[in-house]
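Q: Here it is, the structure in full.
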Amino acid sequence: MVMALAPCSSEGAWDLLVDVSQHCNIKLRDVAAALVATTKDRMLSEPIQRELRRALRRLHAADLRRRRAHPADGSGSCELSSPVPSSRTAVGRLCE
3 MVMALAPCSS EGAWDLLVDV SQHCNIKLRD VAAALVATTK DRMLSEPIQR ELRRALRRLH
63 AADLRRRRAH PADGSGSCEL SSPVPSSRTA VGRLCE
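Per the numbering used here, the very first residue in the sequence shown carries number 3; after that it's consecutive.
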């Protein structure tokens, strides 16, 4: 689900979930369950929404820095510029 939100590797998606979990002080499995619940029109809690936005911004900033440092190397990039496929879910609305 995270990989669809911010097209990136499974490692990048895992790192994002860990980041949100640590900053919210919520177990990773609970963060993952909250994300999955958004497919059933449930809203994320405010702390998870806030930290997910921040983590996505950090991921995007790191990707931009990586691309500037290695313009010819597109491997492992996480691009947020494309439309979010799940834009109708609560998670998708975070990036609109």
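Virtual Cβ for every residue (Gly too), placed ideally from N, Cα, C.
Using 9 angstroms as the threshold, is the C-beta distance between A8 and L61 below it?
A: Translated into positions along the sequence shown, residue 8 becomes position 6. Translated into positions along the sequence shown, residue 61 becomes position 59. Taking 9 angstroms as the Cβ cut-off, A8 and L61 qualify as a contacting pair.
Q: Hey, is the region 65 to 75 in contact with the region 49 to 57, meaning 3+ C-beta pairs nearer than 8 angstroms?
A: As far as the Cβ criterion goes, the region 65 to 75 does not touch the region 49 to 57, which means the pair count is below three.
Q: Can you tell which of M45, M3, C10 has its C-alpha closest to the C-alpha of A64?
A: Locating residue 64 in the sequence shown gives position 62, where the first residue counts as 1. Nearest of M45, M3, C10 to A64, Cα basis: C10.
Q: Give the C-beta separation of V38 and V22 to the nearest angstrom, bearing in mind that I take them to be a contact with Cβ-Cβ under 8 angstroms.
A: Position 36 of the sequence shown, counting from 1, holds the residue named residue 38. Position 20 of the sequence shown, counting from 1, holds the residue named residue 22. Not really, about 14 angstroms apart at Cβ, beyond 8 angstroms.
Q: Could you pull out every residue in the same chain whose Cβ sits closer than 6 angstroms to the Cβ of V4, ignoring the five residues on either side in sequence?
A: Counting from one through the sequence shown, the residue named residue 4 turns up at place 2. Around V4: A15, L18.
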